[in-house]
Amino acid sequence: MITPSSKPQRILAVDDNTDNLFLLQLALEQEGHEITLVDNGQAALAEIEIQVPDLILLDVMMPGMDGYEVARRIRQNQKLPLFPF
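Residue numbers (numbering that gives the first Met the number 0): 0 to 84.
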């Protein structure tokens, strides 16, 4: 839970299942986090270029670019911090 002295964490959630994204949004926003939702890997990479999140919740099995490929591309980008996967 976020206390008055702490800042909200920026979380990027990536999943092709809209129900999963909705549930994540409900749970995380209730805890005071700022959450951005995207439904595919390409959109995730574009969003990371706009604003680097504090945490990425990444679905592994997605059509097109799967979560493993998204993680690989994030790790290759030297401008980004090291995210644990």
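For every residue, glycine included, the Cβ atom is placed at its ideal position computed from N, Cα and C.
- Below 8 Å, enough C-beta pairs join the region 31-41 and the region 7-21 to call them touching: three or more.
- Per DSSP, the beta bridge partners of I55 are L11.
- A distance of 8 Å or more separates the beta carbons of L22 and L56.
- Annotation for D53: Q8, R9 and I10 place their beta carbon closer than 8 Å to its own, counting only its chain and skipping 5 residues before and after.
- L27 sits away from V51, with the two beta carbons spaced by 8 Å or more.
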